[in-house]
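I have placed the structure first, in the form of structure tokens, so that the comments after it can refer back to it.
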Ligand SMILES: Nc1ncnc2c1ncn2[C@@H]1O[C@H](COP(=O)(O)OP(=O)(O)OP(=O)(O)O)[C@@H](O)[C@H]1O
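In the UniProt record's numbering, the protein residues as written are 1 to 514.
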């Protein structure tokens with residue numbers, strides 16, 4: 001990656017948004033926040049879950065009307081409250097949100113056409129022009145595909161790149177500003193790195209980019225400058241070179257700088273608790289592995305290598321077959337999540353929004369869904385016990401919300417994840433199955449979540465964690481099973497494994513199984 005940095009002339013500001021405030025009901029999500037971005041740089045916007053990053057981006061996009069604030073851009077200063085999506089677009093602001101807004105079943109050319117507002121049916125002449133147009137974008141943005149390639153067949157990083165290409169399609173690159181809200185949250189390590197390299201290249205060619213992310217490693221590799229939000233206000237900003245992780249964490253929390261431990265596990269696992277022989281489920285084929293009582297076994301693999309399907313299958317959420325599966329000596333082949341839960345299992349899927357959360361129910365209600373037996377007082381649900389349990393989890397995971405009665409759906413993404421994890425951990429499961437447990441979660445909450453997972457394991461839970469974040473696997477597992485082409489290709493002891501060894505073992509899949 002190049003080390004050249006542009007926009008070092010302090011007069012060369014692409015835009016500056018100042019005094020931005022936004023209140024939801026009585027909750028002050030932004031309180032006079034500001035962001036100034038130099039032209040041709042990558043500017044990372046960091047902050048804890050719920051610190052107001054997405055709200056700030058949505059105010060710039062005109063999706064939310066700011067209560068107050070002004071935007072200086074292209075030599076003019078506007079009242080941010082009056083900025084509409086059309087104004088933002090006319091000013092050259094281009095946004096890519098985490099869900100990318102693509103249609104997976106359509107081709108690249110069709111997605112590009114829809115982005116331009118064209119109909120999906122067109123004449124032969126128009127179709128040729130659109131194919132050529134899509135080809136130009138593919139070349140400019142170095143997407144490894146053809147205009148006719150279906151979006152569903154693209155690698156995740158290429159999909160994100162297409163969303164970026166489409167957003168910038170009609171914009172002058174020297175004049176436009178690209179704002180990316182957590183573009184790598186759903187990407188594996190390899191794809192995230194690809195995307196970051198591409199982003200850096202765009203900036204080196206003059207594109208101004210604002211990047212929201214929780215992954216500090218990728219930010220330190222790609223960003224020029226950093227702004228940190230805390231509780232809707234600015235906590236600090238400056239060149240990335242002057243901002244080590246410990247300082248960013250201390251700005252995010254307002255506490256003294258603190259170091260995160262390299263490993264959260266201080267105990268050794270007990271005898272085998274979960275024994276899996278010949279598991280077939282989804283893309284997972286004939287997987288066999290053993291896990292000890294109190295052990296945390298990591299699952300690593302590229303997208304589609306079977307590691308997350310294996311966990312869904314063990315929970316009865318996907319239909320599966322196996323020669324034998326035993327949990328603490330008893331047959332364990334649940335045919336539904338209800339049966340798995342009755343046998344002491346808990347599962348956090350990757351697609352937590354559709355699978356695990358009740359967006360319209362309050363935080364308290366979401367937290368009590370899995371502990372009904374404990375808050376049932378014999379006649380009715382005990383409101384006070386429900387609230388006590390919820391307050392305890394909200395406190396333990398520093399869940400930031402207007403109140404415990406706020407609907408889960410209005411919480412920031414990371415705070416939603418903390419609620420879902422807290423809900424299962426308070427059940428003290430014997431078998432804990434986690435897919436991407438810290439996706440979208442800030443670095444401080446990640447520490448709390450790792451601590452809780454380690455505590456659950458120490459208390460005797462058997463834990464399986466599928467994660468695309470290699471650093472996460474190194475921090476919270478005893479051993480790491482590498483999935484290749486649906487099978488367990490190797491099991492590495494974490495204490496002696498290196499990042500490169502794990503990544504290479506995962507990538508070997510492509511050459512071996514392609
Ligand atoms: N439409 C809304 N109604 C009520 N509260 C909201 C709404 N949108 C956001 N909030 C609240 O504003 C706060 C800031 O949320 P925001 O999504 O901006 O945080 P964030 O910094 O992007 O967090 P994350 O990193 O977890 O995505 C949160 O506490 C959230 O609950």
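Even glycine gets a Cβ: it sits at the ideal position worked out from N, Cα and C.
As the structure is a prediction and not an experimental result, all values here were calculated from the model.
Problem set entry | Residue range of the unbroken beta strand (DSSP E) whose run includes residue 233 | For this step, residue 233 is matched to residue 233 along the chain shown. In this chain, the beta strand (DSSP E) harbouring residue 233 covers 233-239.
Problem set entry | Bridge-paired residues (DSSP) for residue 79 | Taking the chain shown and counting its residues from 1, one reaches residue 79 at position 79. DSSP lists 70 as the bridge partner or partners of residue 79.
Exercise. Any idea what DSSP makes of residue 368, helix, strand or coil?
Worked result: Your numbering for residue 368 matches position 368 in the chain shown. In the three-state reduction of the DSSP assignment, residue 368 falls in the helix class, which pools H, G and I.
Exercise. For the alpha helix (DSSP H) that residue 216 lies in, which residues bound it at each end?
Worked result: As a working note, residue 216 is residue 216 in the chain shown. Residue range 216-222 is occupied by the alpha helix (DSSP H) that includes residue 216.
Exercise. Are there 16 or more other CB atoms within 10 angstroms of the CB of residue 417, so buried, or fewer, so exposed?
Worked result: Sequence index remark: in the chain shown, residue 417 carries index 417 (1-based). Of the other Cβ atoms in all chains shown, 16 or more fall within 10 Å of the Cβ of residue 417; this residue is therefore buried.
Exercise. So what's residue 19 in DSSP terms, helix, strand or just coil?
Worked result: If you number the chain shown from 1, residue 19 lands on position 19. Assignment of residue 19 by DSSP, reduced to helix, strand and coil, places it in the strand class.
Exercise. Can the beta-carbon of residue 18 be found closer than 7 Å to that of residue 208?
Worked result: The sequence position of residue 18 within the chain shown is 18, counting from 1. The sequence position of residue 208 within the chain shown is 208, counting from 1. No, the pair does not count as a contact, with Cβ atoms beyond the cut-off.
Problem set entry | Contact set for residue 337: own chain, Cβ-Cβ below 8 Å, skip 5 residues either direction | Counted from its first residue, the chain shown places residue 337 at position 337. The beta carbon of residue 337 lies closer than 8 Å to those of 315, 316, 317, 347 in the same chain, with the five residues before and after it left out.
Exercise. With respect to 6 Å, is the separation between the Cβ of residue 86 and the closest non-hydrogen atom of ligand 2 below this value?
Worked result: With respect to ligand 2, the structure shown offers nothing to examine, as its ligands consist of ligand 1.
For this session: Tell me whether the beta-carbon of residue 457 lies closer than 7 Å to the beta-carbon of residue 294.
Result: Taking the first residue of the chain shown as position 1, residue 457 is located at position 457. Taking the first residue of the chain shown as position 1, residue 294 is located at position 294. Cβ distance < 7 Å, so residue 457 and residue 294 count as in contact.
For this session: Could you pull out every residue in the same chain whose Cβ sits closer than 8 Å to the Cβ of residue 62, ignoring the five residues on either side in sequence?
Result: Taking the first residue of the chain shown as 1, we reach residue 62 at position 62. Counting only Cβ-Cβ distances below 8 Å, and skipping sequence neighbours, we find 83, 84, 85, 86, 87, 88.
Exercise. Got a sec, what are the start and stop residues for the alpha helix (DSSP H) residue 446 sits in?
Worked result: Locating residue 446 in the chain shown gives position 446, counting from the first residue. Start and end: 443-458.
Exercise. Rounded C-beta distance between residue 251 and residue 327? I'm assuming under 8 Å.
Worked result: Taking the chain shown and counting its residues from 1, the one referred to as residue 251 is at position 251. Taking the chain shown and counting its residues from 1, the one referred to as residue 327 is at position 327. Here residue 251 is actually not in contact with residue 327; their C-beta atoms are around 44 Å apart, not less than 8 Å.
Exercise. Taking the alpha-carbon positions, what's the residue 78 to residue 13 distance?
Worked result: Sequence index remark: in the chain shown, residue 78 carries index 78 (1-based). Sequence index remark: in the chain shown, residue 13 carries index 13 (1-based). Their Cα atoms are separated by approximately 16 Å.
Problem set entry | Straight-line gap, residue 96 to residue 288 (C-alpha atoms, nearest Å) | For the purposes of this step, residue 96 is taken as the residue at position 96 of the chain shown. For the purposes of this step, residue 288 is taken as the residue at position 288 of the chain shown. Cα-Cα distance, rounded: 40 Å.
Exercise. Per DSSP, residue 362 is paired with what?
Worked result: Within the chain shown, numbered from 1, the residue matching residue 362 stands at position 362. According to DSSP, residue 362 bridges with 407.
Exercise. Which ranges does the alpha helix (DSSP H) cover as unbroken runs of at least 4 residues, wholly within the stretch 277-338, from first to last along the chain?
Worked result: Qualifying alpha helix (DSSP H) stretches, in chain order: 307-314.
Exercise. Nearest-angstrom Cα distance between residue 332 and residue 269?
Worked result: Reading the chain shown from its first residue, position 332 is the one you call residue 332. Reading the chain shown from its first residue, position 269 is the one you call residue 269. Roughly 20 Å between the two C-alpha positions.
Exercise. Exposed or buried, which one is residue 111 when buried takes at least 16 other CB atoms within 10 Å?
Worked result: In the chain shown, residue 111 corresponds to position 111, counting from 1. If you draw a 10 Å sphere on the C-beta of residue 111, you find 16 or more other C-beta atoms in it, and that means buried.
For this session: Excluding the 5 residues preceding and the 5 following residue 304 in the sequence, name in chain order all residues of the same chain whose CB lies nearer than 7 Å to its CB.
Result: Position 304 of the chain shown, counted from the start, is the residue given in the question as residue 304. Excluding sequence positions up to five before and after residue 304, its CB lies within less than 7 Å of the CB of 283, all in the same chain and listed in chain order.
For this session: State yes or no: is the C-beta of residue 410 nearer than 6 Å to some heavy atom of ligand 1?
Result: Here residue 410 is taken as the residue at index 410 of the chain shown, counted from 1. Within the cutoff, so yes.
Exercise. Residue 247 CB to nearest chain D CB: under 7 Å?
Worked result: Note that chain D does not occur in the displayed structure, where there is just one protein chain.
Exercise. Looking at C-beta atoms only, is the number of pairs between the stretch 426-441 and the stretch 234-243 that lie closer than 8 Å three or more?
Worked result: In this structure the stretch 426-441 does not lie against the stretch 234-243, because fewer than three pairs of beta carbons, one per stretch, are closer than 8 Å.
Problem set entry | Residue of 218, 410, 329, 350 minimising C-alpha distance to residue 360 | Residue 360 sits at position 360 when you count from the first residue of the chain shown. With distances taken between Cα atoms, residue 360 lies closest to 410.
Problem set entry | Among 75, 482, 91, the one whose alpha carbon lies nearest that of residue 60 | By one-based count along the chain shown, residue 60 stands at place 60. Minimum Cα-Cα distance from residue 60 among the listed residues 75, 482, 91 corresponds to 91.
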